[in-house]
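> Heads up: the sequence shown at position 207 corresponds to 204 in our numbering, and the numbers run straight through without jumps. Every residue, glycine too, gets a C-beta built ideally from N, C-alpha and C.
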Amino acid sequence: MLLAVHSSPKRDGNLERMVVRTAEATGREYRLIRLADFRIAPCVGCVRCAHSKRCVQKDEMAPLYDELESADGLIMGGVNFNGRVNAVAHLFLERLYPLYHRDPAFRDKPAAVVAVGGETPGPAASDIVEYLRDIYYFHVVGTALFTSDNPPCLSCGYGATCPVGIPALYWSPEACEALKRNRNRTSVFRRFEDDPDIVAACERLGTTLLAAIG
Ligand SMILES: Cc1cc2nc3c(=O)[nH]c(=O)nc-3n(C[C@H](O)[C@H](O)[C@H](O)COP(=O)(O)O)c2cc1C
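1) Within the continuous alpha helix (DSSP H) that includes Y27, where are the two ends?
2) Expressed to the nearest angstrom, what Euclidean distance is found between the alpha-carbon atoms of C164 and T158?
3) Spatial neighbours of A108 within its chain, please: C-beta separation below 6 Å, excluding the five flanking residues on both sides.
4) So is G42 buried or exposed if we call it buried at 16+ other beta carbons inside 10 Å?
5) Within this structure, are the beta carbons of I30 and L0 separated by less than 8 Å?
6) Kindly indicate which residue of N79, T23, D34 has the alpha-carbon position closest to the one of S4.
7) Helix, strand or coil for A47 per DSSP?
8) Can you tell me which of the three DSSP states I210 falls into?
9) Please list, in chain order, all residues with a C-beta atom less than 5 Å from at least one heavy atom of ligand 1.
10) Below 8 Å on the Cβ atoms is my contact criterion, and I expect S145 with V113 to pass it. Report the Cβ-Cβ distance as a whole number of Å.
11) Is it the case that the stretch 59 to 77 contacts the stretch 114 to 122, given that we only count it when at least three CB pairs across the two stretches are under 8 Å?
12) Roughly how many angstroms lie between the CA atoms of V110 and V126, to the nearest whole one?
13) Buried or exposed: A84, going by 16 or more other Cβ atoms within 10 Å of its Cβ?
14) CA-CA distance, D56 and A86?
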């Protein structure tokens, strides 16, 4: 059994569909976990998990420990919020700590990472990769990334007229003017399925994960 976990608050958004595509490409049974639906508190730092390998907090993270421990592999997806992986992902990653002590449960467990960003998915991916690989000893087999071309400043209603929005800060004056004229830019709300390279990247990631599981 694989766990396919993601941190987007959007149901069936690009991230969720990419995670599912990656999981399907493995051909293995998987369970999809939308972390945004779970109430996960931050670590309280008591370190009592060093003895029990379980967290003292009985929130919605608690039932996931058994599943994480026995899973053959993990697919984890995250979105870029403000230049880093969003907080929902961070809470989950922080709370994996009980499975770390003495004989880390995740040592060499294969993991695949998927990330979406309006402008840059890379920071969300590297935050997850570094956490999984460098803290918990997962064997991270690769990543699949997608730029949705959908910074929040294109859907908030102010677009290029907001002085601290992404268009005003980073786009050329010509691109800002074009956005003001055409608020329904055709490239907004791109779907990863429309880019064969991204679809192939997800499918390759799934087969690489399967090979690592053996
Ligand atoms: C609060 C917030 C902050 C964001 N900050 C960034 C950012 O710094 N860089 C970026 O590339 N995208 C940023 N985005 C855009 C999201 O990464 C983007 O909407 C992504 O496509 C969401 O994927 P989903 O549709 O699968 O949920 C931000 C979105 C929100 C809501």
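The answer reads as follows:
1) Segment 27 to 31 is the beta strand (DSSP E) holding Y27; no alpha helix (DSSP H) there.
2) The question names Cys, yet the displayed sequence has Pro at residue 164. Each residue's alpha carbon lies about 8 Å from the other.
3) L71, L129, F135, V137.
4) Here G42 is exposed, its C-beta having fewer than 16 other C-beta atoms within 10 Å.
5) Yes, Cβ-Cβ distance for I30 and L0 is below 8 Å.
6) Here the closest residue by C-alpha is D34.
7) The answer is helix: DSSP assigns A47 an H, G or I state.
8) Three-state result, I210: helix.
9) Sorted by position in the chain, S5, K7, G10, N11, L12, V76, N77, F78, N79, G80, V113, G114, G115, E116, T117, S145, N147, P149 make up the residues whose C-beta lies under 5 Å from a heavy atom of ligand 1.
10) A Cβ-Cβ separation of about 6 Å places S145 in contact with V113 under the 8 Å criterion.
11) The answer is yes - the stretch 59 to 77 touches the stretch 114 to 122, with three or more Cβ pairs under 8 Å.
12) Computed Cα separation, rounded: 7 Å.
13) By the 10 Å Cβ count, A84 comes out exposed.
14) Rounded to whole angstroms, D56 to A86 spans 16 Å at the Cα level.
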